[in-house]
Amino acid sequence: MSAESAALSSRRIEVAGGLALVRARIDSARRAAGRVDEVTLIVVTKRFPAVDVDLLADLGVTDVGENKEQEARAKYAVVQSRERLRLHFIGQLQSNKAGAVAQIADVVHSVDRAKLIGALGRHRGPMGRPLDVLIQVSLDGATGRGGALPAEVPRLAGLVAGQEWLRLRGVMAVAPLGADPDRAFADLRTVSDAVRAEHPEARWISAGMSADLEAAVRHGATHLRVGTAILGTRASLG
Ligand SMILES: *Cc1c(COP(=O)(O)O)cnc(C)c1O
3 MSAESAALSS
13 RRIEVAGGLA
23 LVRARIDSAR
33 RAAGRVDEVT
43 LIVVTKRFPA
53 VDVDLLADLG
63 VTDVGENKEQ
73 EARAKYAVVQ
83 SRERLRLHFI
93 GQLQSNKAGA
103 VAQIADVVHS
113 VDRAKLIGAL
123 GRHRGPMGRP
133 LDVLIQVSLD
143 GATGRGGALP
153 AEVPRLAGLV
163 AGQEWLRLRG
173 VMAVAPLGAD
183 PDRAFADLRT
193 VSDAVRAEHP
203 EARWISAGMS
213 ADLEAAVRHG
223 ATHLRVGTAI
233 LGTRASLG
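Remember, my numbering sits 2 above the position in the sequence shown when you count from 1.
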């Protein structure tokens, strides 16, 4: 075996192991919560190379997440298995990057202001198929790290629903640092219920990461965004 293929097969064992552990955690959390509906696992591939994405697709992963427009665009241009994968954009998004994201993403989780909604809608039209959108909710009263305040969410949801090329799917949040994730995800559920009262089809709840996915499942998450527990520790930025 060449050094390169030996490295690839040991990475495959590592990633397959992480994936099996996370799938087992999700199954047992669903069982504990008495949930029979589906929970979608999104593997967050940020700062990992394209070969890892192909490996994940080989292992049956269907949904992947990225948080930076430039990295996502460069990486997914060389991912061999792109047509088998749904790409979820989960990071803070500047309006001037909305066009590029609208062209590569299948779902955007981080919509948190009116200007972004207009930009995504405008740029998605030429693609000829709608973009799935979640409203990101800030659960700690601050908006600096992305997310709209809960009181703003119904208005933003209405704006998304009014866009021809956007499809309102639900809400997303990250549990605030140091906060009790059960409390945070219970609050997110309340916001989700308010959105669903007006838009019954918008039933997705994107919540839960490596450290708190069980709490998210308990509070009705339909989509989990998991990186570290599957792919290992990310290289630090800069
Ligand atoms: C990086 C990231 C994740 C994954 O976090 P892990 O702790 O590695 O599982 C989930 N959601 C968002 C928004 C992220 O940026």
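For glycine and all other residues, C-beta sits at the position ideal for the given N, C-alpha and C.
- Message: Nearer than 7 Å: is that true of the beta carbon of K70 relative to any heavy atom of ligand 1?
- Response: Taking the sequence shown and counting its residues from 1, the one referred to as residue 70 is at position 68. Proximity of the beta carbon of K70 to ligand 1 is not indicated: no heavy atom of the ligand is located closer than 7 Å.
- Message: Out of S30, R37, V63 and A31, which one is the CA nearest neighbour of V17?
- Response: To locate residue 17, count along the sequence shown from 1; it is residue 15. Of the candidates S30, R37, V63 and A31, the one whose C-alpha sits nearest the C-alpha of V17 is V63.
- Please indicate yes or no: does the CB of S140 lie closer than 7 Å to some heavy atom of ligand 1? As a first step, residue 140 must be located in the sequence shown, where it is residue number 138. No - ligand 1 has no heavy atom lying nearer than 7 Å to the Cβ of S140.
- Using alpha carbons as the reference points, say which of H221, V176 and V38 lies closest to T145. As a position in the sequence shown, residue 145 is number 143, starting the count at 1. Checking every option, the nearest Cα to that of T145 belongs to V176.
- Message: Whole angstroms are fine: how far does the CA of V162 sit from the CA of V219?
- Response: The count along the sequence shown starts at 1 and reaches residue 219 at position 217. The count along the sequence shown starts at 1 and reaches residue 162 at position 160. For V219 and V162, the distance between alpha carbons rounds to 26 Å.
- Taking buried to mean at least 16 other C-beta atoms within 10 Å of its own C-beta, is N69 buried or exposed? On the sequence shown, position 67 is the one that residue 69 refers to. With 16 or more other Cβ atoms inside 10 Å of its own Cβ, N69 counts as buried.
- Task: Consider the C-beta atom of S159 and the heavy atoms of ligand 1; say whether any pair is separated by less than 7 Å.
- Result: Mapped onto the sequence shown, residue 159 falls at position 157. It is worth fixing the name first, because residue 159 is Ala in this sequence and not Ser. Distances taken from the Cβ of A159 to the heavy atoms of ligand 1 include none shorter than 7 Å.
- Query: Is T230 near ligand 1, judged by its Cβ being under 7 Å from some heavy atom?
  - Reply: Along the sequence shown, read from residue 1 onward, the residue named residue 230 stands at position 228. Checking the Cβ of T230 against ligand 1 gives yes.
- Task: Leaving out five residues on either side along the sequence, give the residues of the same chain with a beta carbon under 7 Å from the beta carbon of R32.
- Result: The residue labelled residue 32 in the question sits at position 30 within the sequence shown. So the list reads V41 and V219, once near-sequence residues are dropped.
- Item | Per-residue burial, Q275 [other beta carbons within 10 Å of its own, 16 or more giving buried] | Only positions 3 to 240 of the chain appear in the structure, and residue 275 is not among them; the question remains open.
- Query: Looking at C-alpha atoms only, which residue of R205, R14 and P128 is the closest neighbour of R54?
  - Reply: Within the sequence shown, residue 54 is the residue found at index 52, counting from 1. Strictly speaking, residue 54 in this sequence is Asp, with Arg absent from that position. Closest by alpha carbon: R14.
- Sorry if obvious, but does the Cβ on R227 come closer than 7 Å to a heavy atom of ligand 1? Working through the sequence shown from its first residue, we reach residue 227 at position 225. Answer for R227: yes, Cβ within range of ligand 1.
- Message: Need the endpoints of the alpha helix (DSSP H) that L187 sits in, please.
- Response: For this step, residue 187 is matched to residue 185 along the sequence shown. What sits at residue 187 in the sequence shown is Phe, not Leu. Run containing F187: P183 to E200, per the alpha helix (DSSP H) assignment.
- Are there 16 or more other CB atoms within 10 angstroms of the CB of M129, so buried, or fewer, so exposed? Position 127 of the sequence shown, counted from the first residue, corresponds to residue 129. Under a 10 Å Cβ-count criterion, M129 is classified as exposed, with fewer than 16 other Cβ atoms of the shown protein chains found around its own Cβ.
- Query: Would the C-beta of K77 count as close to ligand 1, meaning under 7 Å from any of its heavy atoms?
  - Reply: If you number the sequence shown from 1, residue 77 lands on position 75. Set against 7 Å, the gap from the CB of K77 to the closest heavy atom of ligand 1 is not smaller.
- Message: Less than 8 Å between C-beta atoms, sequence neighbours within five positions excluded: which residues of the same chain meet that for I119?
- Response: On the sequence shown, position 117 is the one that residue 119 refers to. For I119, where only same-chain residues beyond five positions count, the Cβ hits under 8 Å are V113, V135, L158, L161, V162, Q165 and L168.
- Task: Would you tell me roughly how many angstroms separate the C-alpha atoms of D189 and Q94, rounded to the nearest one?
- Result: As a working note, residue 189 is residue 187 in the sequence shown. As a working note, residue 94 is residue 92 in the sequence shown. Using only the alpha carbons, I get a separation of about 21 Å.
- For W206, which residues does DSSP report across the bridge? Along the sequence shown, one-based indexing puts residue 206 at 204. W206 is bridged to G172.
- Item | Other residues of its chain near A237: CB distance less than 8 Å, five sequence neighbours each side excluded | Residue numbering aside, residue 237 sits at position 235 when the sequence shown is read from its first letter. Shown here for A237: same chain residues with a beta carbon closer than 8 Å to its own, the five before and five after excluded, namely R49 in chain order.
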